[in-house]
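>
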Amino acid sequence: MGNNTAVKQALKANPVPSSVDPQEVHKWLQDFTWDFKSKTAKYPTKYDMDVNTREQFKLTAKEYARMESSKEERQYGTLLDGLDRLDAGNKVHPKWGEVMKLVANFLETGEYGAISGSALLWDTAQSPEQRNGYLAQVIDEIRHVNQTAYVNYYYGKHYYDPAGHTNMRQLRAINPLYPGVKRAFGEGFLAGDAVESSINLQLVAEACFTNPLIVSLTEWAAANGDEITPTVFLSIETDELRHMANGYQTIVSIMNNPETMKYLQTDLDNAFWTQHKFLTPFVGVALEYGSKYKVEPWVKSWNRWVYEDWAGIWLGRLQQFGVKSPKCLPDAKKDAVWAHHDLALLALALWPLTGIRMELPDQQAMEWFEANYPGWYNHYGKIYDEWRAAGFEDPKSGFCGALWLMERGHGIFVDHASGLPFCPSLAKSSVNARFAEYNGKRYSFSEPHGERQWLLEPERYEFQNFFEQFEGWELSDLVKAAGGVRSDGKTLMAQPHLRDTDMWTLDDLKRINLTIPDPMKILNWQPIQ
Amino acid sequence: MSKLTWYSSPVRDEWAEKINAIKTVSEGIAMLADFRKNHTGPDRTTYELKKEYNWIEARIEMRLNQLHAEATLSDDDLLNKTIDGRCAKEVAAEWMKKAEDIDCHYEMEKLCVAFRKACKPPMMSVNFLAPAERVLVAKLMKLRAAVFLTKSIDELRTARGVTMISVQ
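Protein sequence lines, in the order shown, are assigned to chains G and Y. Residue numbering for the first sequence follows my numbering, starting at 148 and increasing by one per position. Residue numbering for the second sequence follows my numbering, starting at 1315 and increasing by one per position.
#1: Measure the C-alpha to C-alpha separation of Arg-221(G) and Lys-209(G) and round it to an integer number of angstroms.
#2: Could I get the ranges of all uninterrupted beta strand (DSSP E) runs contained in the stretch 326-388 of chain G, with 3 residues as the minimum, in chain order?
#3: What's the gap between the Cα of Asp-270(G) and the Cα of Asn-671(G)?
#4: Does any residue of chain G have a CB that is nearer than 8 angstroms to the CB of Trp-1409(Y)?
#5: Taking only beta-carbon atoms, is Ser-1480(Y) less than 8 angstroms away from chain G?
#6: Quick check on Pro-1435(Y): does DSSP put it in helix, strand or coil?
#7: Run the CB neighbour count on Val-1481(Y), radius 10 Å, all protein chains shown included, and call it buried at 16 or more, exposed below.
#8: Following the continuous beta strand (DSSP E) through Arg-464(G), name the residue where it begins and the one where it ends.
#9: Against chain Y, with Cβ distances strictly below 8 angstroms, would Leu-602(G) count as a contact?
#10: So, helix, strand or coil for Leu-670(G), using DSSP?
#11: Which first and last residues belong to the alpha helix (DSSP H) in which Glu-258(G) is found?
#12: Find the residues of chain Y that neighbour Gly-311(G), judging by a C-beta separation of less than 8 angstroms, and give them in chain order.
#13: Where DSSP assigns a beta bridge to Ile-1479(Y), which residues make up the other side?
#14: With C-beta atoms as the reference, is Gly-587(G) less than 8 angstroms away from Thr-1472(Y)?
#15: So, for Pro-508(G): in the same chain, excluding its five sequence neighbours on each side, which residues have a beta-carbon less than 8 angstroms away from its beta-carbon?
#16: Are Ile-1333(Y) and Arg-1373(Y) close, meaning C-beta to C-beta below 8 angstroms?
#17: What residues are listed by DSSP as bridge partners for Cys-1299(Y)?
#18: Can you give the beta carbon distance from Gly-566(G) to Gly-327(G), rounded, assuming they're within the 8 angstroms contact cut?
#19: Give the list of continuous alpha helix (DSSP H) stretches no shorter than 4 residues that lie fully inside the stretch 587-648 of chain G.
#20: Helix, strand or coil, according to DSSP, for Val-678(G) in the structure here?
#21: Against Leu-670(G), what residues of chain Y qualify as contacts under a CB-to-CB distance less than 8 angstroms, listed in chain order?
#22: Give me the DSSP bridge partner(s) of Phe-560(G).
#23: Do you know how far the Cα of Tyr-307(G) is from the Cα of Thr-652(G)?
#24: Considering just the uninterrupted stretch of the alpha helix (DSSP H) at Trp-452(G), what are its terminal residues?
#25: In three-state terms, what does DSSP make of Arg-316(G)?
#26: Between Ala-433(G) and chain Y, is any beta-carbon pair separated by less than 8 angstroms?
#27: With 8 angstroms as the threshold, decide whether the Cβ of Arg-1448(Y) is near any Cβ in chain G.
#28: Spell out the partners DSSP gives Arg-555(G) in its beta bridges.
#29: By the three-class DSSP mapping on this structure, what secondary structure does Thr-207(G) have?
#30: Classify Tyr-211(G): buried if its beta carbon has 16 or more other beta carbons within 10 angstroms, exposed otherwise.
#31: Figure out for me which residue from Ala-1428(Y), Ala-1459(Y), Asp-1398(Y) has the closest Cα to the Cα of Lys-1412(Y).
#32: Got a sec: which bits of the stretch 641-667 of chain G sit with their beta carbon under 7 angstroms from any beta carbon on chain Y, in order along the chain?
#33: Ignore the nearest five residues each way along the sequence and tell me which others in Asn-279(G)'s own chain have a CB closer than 6 angstroms to its CB.
#34: Quick check on DSSP: helix, strand or coil for Arg-201(G)?
#35: Please tell me whether Val-362(G) and Glu-384(G) are closer than 8 angstroms, where the distance is taken between their beta carbons.
#36: Apart from the five residues just before and just after Trp-243(G), which ones in its own chain have a Cβ nearer than 8 angstroms to its Cβ?
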C-alpha cells in the first residue's frame, strides 16, 4: 500500500514520457532523485560524493546493452568467420602466441576485479546519473571478462600449441608474477575506500595505462601475426573511454567538498604506484620479450602515454583543484626504462613456473635491446649468453637460472607491497631494497613507496608470498600439482625454447634438484645497528 | 592423514579434528575468539599458522554457525542479537562510541582490528557489523590519509616498532 502511494506520487511529479525516445526515457529516469536514507554509502569512503553529479553518456542500461551487443556481433563474427577462414590462430608467431597465454589470462583477472570495483562505486555514489554510469561499466566489465577469457579459448582451439591457453587459471597459482596481478587488479580495484578504488581502476589503470597497454599491445600483436588480439582488445578499448569518463566524474563528484583535498593526493599517489608497479614491468616484458618483430620500445610508448599524456595533460586538468603529479613519478620514469628488463630476467630464471614457452633473446633481439636501451648487453645480455652456454635450453643439463643467480649471491625476494619478485643486486630499475622485522615476522620491500604503504596499512598486506606458500615443495612436484604437464603426463607445458624437440619433462626438472626455500627464513638476518 | 596437496595438509587435518570436537556454542565462541586473537590480523601473537589461518578460521566459523543455528531458531535471535545473546544494536553503538574521541590513526587502527576480531560473523550478524565497520573504517581512512605522505619513513618505523635487518 505504502509503496503504491510512493509510486503514484513519483509518477505525478514525473509524468511518463510521451515517446520512447531513449534520451527522453533517460531524462525521465534521472528525475527520480532517490532519497537515500541519511545519505550514507554502503562502503567506507573518506569522501562525500555530490548527489547532483551529472553523467555524460545519458543512455539507459537497456539502450547501452543494445549498443554493446552490436559490438559483440562484429567481434565474434570476425573471429568465428573471417579469422577462422584465414587460419589466424596458426599465423601468430609462436613467441607471441605463448605470451598471450599470460596476457589474456592476467587481464581477465583485471576485468573480473573491475566488475566488483564498478559495482562498489554504484553502491557508494549518491547521484542517480552517476550510478547509471557505473552500472553501465559493470555491464562492460562482465563483457570484458568473457572477451579476455575468449582470447585464451580461441587460441586453445586454433593455435598449434594450446597447452597453457587451456588451463592458465590453474597454472597461474604457482606463477611468481601472478601475485602482482592480484595486488594491482584483484585488490587495488575493489578493496578499501570506494573512491580510492575508482582512482586505481578508472583514473590510473584505465585512463593512464589502457592506452599504452591496449593500443600498444594490439600494435605489437599485429606486427607478430596476431589478428585475434586486436579484434578483441580494440573492442574492449571502445568501452574504456567511457570508463575514463566515469573516473573523471568520480573526481568531479567530490571536488566541491573542501575536505577532499586532504585525502585526494594520497590516494592518487598510492593508486599510481600500485598500478605502475605491476603494469609497467609486466607490459614491457610481454611486448619486448614476447615478440619476434619489434615495434616501438616500451619506454617510448610509456613516456608518451603515461608521462606526457596522463601525468601532463590529464592530471593537468585537475591542477586547478590543487592536484599535483604523484611524488613517485620520477621513480616510475626510471622503472619505465629498466623494470621490465629486471622482471624478464627473473621470469626467464623461473621459467618452469610460468606455464608458457619462453626463449632467451636471440642475436637479433639482443642487438635491438642494446640499440634501444644502451648498456643492456653488459648488464643482462652477458648473463643470457652465459646461461645459453651452460645449457639453458637443454633438458639434460639440469640448469636453472634461479639457482645460477642464488649460487652467485643474487638473492630473489618478494616485494611485500606489490607481490612481485625482485633481485636487489641485479636490478637496474628504481629498486632500493629494505628488509624489516615486525611482530616476529620478516618482510622484504623493493623500494620506499611500498614500504610506506605497508607501514601505514599493514592489515592490507597479509597475503602469502610465493616462498611462504610453497616453501618445502620440490620443483617438479609443484609444477605437476599445478597442472603444468601435457597430456602425456610428463612433458612440461612450460619450456625454455620454442622447438617441438628436446622438450623438458618432469624428470628433467627433478634433475635440477631444487626445493623451494624461503629466503626470509634461511638467510642469516641480523638487525642493522 | 592426507598427503601434502593443494587442498589438504596435516595442519588442516589436525584442526579439522579439533573443530569437529566442539559440541556447544560457548566452546565454539571460546575457540574462535582465541584463534582470532593469536592467529589473525597484524597484531597476531604468532605467524606459525600463516599458511592455513584463513582456512582454519573459516572452518571454526562454519562449525560455530551450525551450532548456533541449531541452538537458536528464532529470527530475532539470529538477526538482532550477538552470538552470546547481547543486543547487537547496542554492542555496535558501544564500539562506535569508543571511536568518537580517537584522533590518532594508530589508536583507531587498534580499535578497527579489535572490532573485527570481536564482531565478525558469526559473533555479530552482518546487518549490524557492516554499517558499524563502515563508520569505523571511514574514520580510520581519514586519519591515515591526512598523514600518509607527510610522515617520514623513520618516524613510521619507530611508531610501529619495526627493526630493519640485513643479511650477515
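Ideal placement from N, C-alpha and C gives every residue a C-beta, glycine not left out.
Here's the rundown:
#1: If you number the first sequence from 1, residue 221(G) lands on position 74. If you number the first sequence from 1, residue 209(G) lands on position 62. C-alpha separation (whole angstroms): 19 angstroms.
#2: Listed in chain order, nothing qualifies, since the stretch 326-388 of chain G has no complete beta strand (DSSP E) run of 3 or more residues.
#3: As a working mapping, residue 270(G) is identified with position 123 in the first sequence. As a working mapping, residue 671(G) is identified with position 524 in the first sequence. The straight-line gap from Cα to Cα measures roughly 49 angstroms.
#4: In the second sequence, the residue the question calls residue 1409(Y) occupies position 95. No, its Cβ sits nowhere closer than 8 angstroms to a Cβ of chain G.
#5: Counting from 1 along the second sequence, the entry for residue 1480(Y) is found at position 166. True, the Cβ-Cβ gap to chain G drops below 8 angstroms.
#6: Position 121 of the second sequence, counted from the first residue, corresponds to residue 1435(Y). Of the three classes helix, strand and coil, the one that applies to Pro-1435(Y) here is coil, per DSSP.
#7: Position 167 of the second sequence, counted from the start, is the residue given in the question as residue 1481(Y). Its Cβ having fewer than 16 others within 10 Å, Val-1481(Y) is exposed.
#8: As a working note, residue 464(G) is residue 317 in the first sequence. Per DSSP, Arg-464(G) belongs to no beta strand (DSSP E) and is neither H nor E.
#9: Within the first sequence, the letter at position 455 stands for residue 602(G). For Leu-602(G), the answer is yes, since a Cβ of chain Y falls inside 8 angstroms of its Cβ.
#10: Taking the first sequence and counting its residues from 1, one reaches residue 670(G) at position 523. In the structure shown, Leu-670(G) sits in coil (DSSP, three-state: anything other than H, G, I, E or B).
#11: Position 111 of the first sequence, counting from 1, holds the residue named residue 258(G). First-last of the alpha helix (DSSP H) with Glu-258(G): 241-269.
#12: Counting from one through the first sequence, the residue named residue 311(G) turns up at place 164. None at all; the shortest Cβ gap to chain Y is about 18 angstroms.
#13: If you number the second sequence from 1, residue 1479(Y) lands on position 165. Partner(s): Phe-582(G), Pro-674(G).
#14: Residue mapping note: residue 587(G) aligns to position 440 of the first sequence, counting from 1. Residue mapping note: residue 1472(Y) aligns to position 158 of the second sequence, counting from 1. Result no, Cβ atoms of Gly-587(G) and Thr-1472(Y) do not sit closer than 8 angstroms.
#15: As a working note, residue 508(G) is residue 361 in the first sequence. The answer, listed in chain order, is Tyr-436, Phe-516, Gly-528, Tyr-531.
#16: Here the question's residue 1333(Y) lines up with position 19 in the second sequence. Here the question's residue 1373(Y) lines up with position 59 in the second sequence. For Ile-1333(Y) and Arg-1373(Y), yes; Cβs fall inside 8 angstroms.
#17: With chain Y running from 1315 to 1482 in the structure shown, residue 1299(Y) is simply not present.
#18: For this step, residue 566(G) is matched to residue 419 along the first sequence. For this step, residue 327(G) is matched to residue 180 along the first sequence. At roughly 5 angstroms, the Cβ-Cβ gap stays under 8 angstroms, so Gly-566(G) and Gly-327(G) are in contact.
#19: 595-603, 613-617, 622-628
#20: Given a span of 148 to 676 for chain G in the structure shown, any question on residue 678(G) remains unanswerable.
#21: Counting from 1 along the first sequence, the entry for residue 670(G) is found at position 523. Those are Val-1481, listed as they occur along chain Y.
#22: Indexing the first sequence from 1 puts residue 560(G) at position 413. Partner(s): Phe-569(G).
#23: Working through the first sequence from its first residue, we reach residue 652(G) at position 505. Working through the first sequence from its first residue, we reach residue 307(G) at position 160. Distance between the alpha carbons of Thr-652(G) and Tyr-307(G) is about 19 angstroms.
#24: The count along the first sequence starts at 1 and reaches residue 452(G) at position 305. Per DSSP, Trp-452(G) belongs to no alpha helix (DSSP H) and is neither H nor E.
#25: Indexing the first sequence from 1 puts residue 316(G) at position 169. Helix.
#26: Stepping through the first sequence from its first residue, residue 433(G) is reached at position 286. Not closer than 8 angstroms to any Cβ of chain Y, the Cβ of Ala-433(G) fails to qualify, so no.
#27: Start at 1 with the first residue of the second sequence, and residue 1448(Y) comes out as number 134. Yes, Arg-1448(Y) lies at the interface with chain G (some Cβ there is under 8 angstroms from its Cβ).
#28: Translated into positions along the first sequence, residue 555(G) becomes position 408. For Arg-555(G), which the question treats as bridged, DSSP gives no partner whatsoever.
#29: For the purposes of this step, residue 207(G) is identified with residue 60 of the first sequence, where counting begins at 1. Reduced to three states, the DSSP call for Thr-207(G) is coil.
#30: Numbered from its first residue, the first sequence carries residue 211(G) at position 64. Result: buried.
#31: Residue 1412(Y) sits at position 98 when you count from the first residue of the second sequence. The shortest C-alpha separation from Lys-1412(Y) is found at Ala-1428(Y).
#32: none
#33: The count along the first sequence starts at 1 and reaches residue 279(G) at position 132. Excluding sequence neighbours, Asn-279(G) sits near Glu-202.
#34: What you label residue 201(G) is simply residue 54 of the first sequence in a count that begins at 1. If DSSP states are grouped into helix, strand and coil, Arg-201(G) belongs with coil.
#35: One-based indexing of the first sequence puts residue 362(G) at position 215. One-based indexing of the first sequence puts residue 384(G) at position 237. Result yes, Cβ atoms of Val-362(G) and Glu-384(G) sit closer than 8 angstroms.
#36: Within the first sequence, residue 243(G) is the residue found at index 96, counting from 1. Answer for Trp-243(G): Trp-367, Ala-368, Asn-371, Gly-372, Asp-373, Gly-437, Ser-438, Lys-439, listed in chain order.
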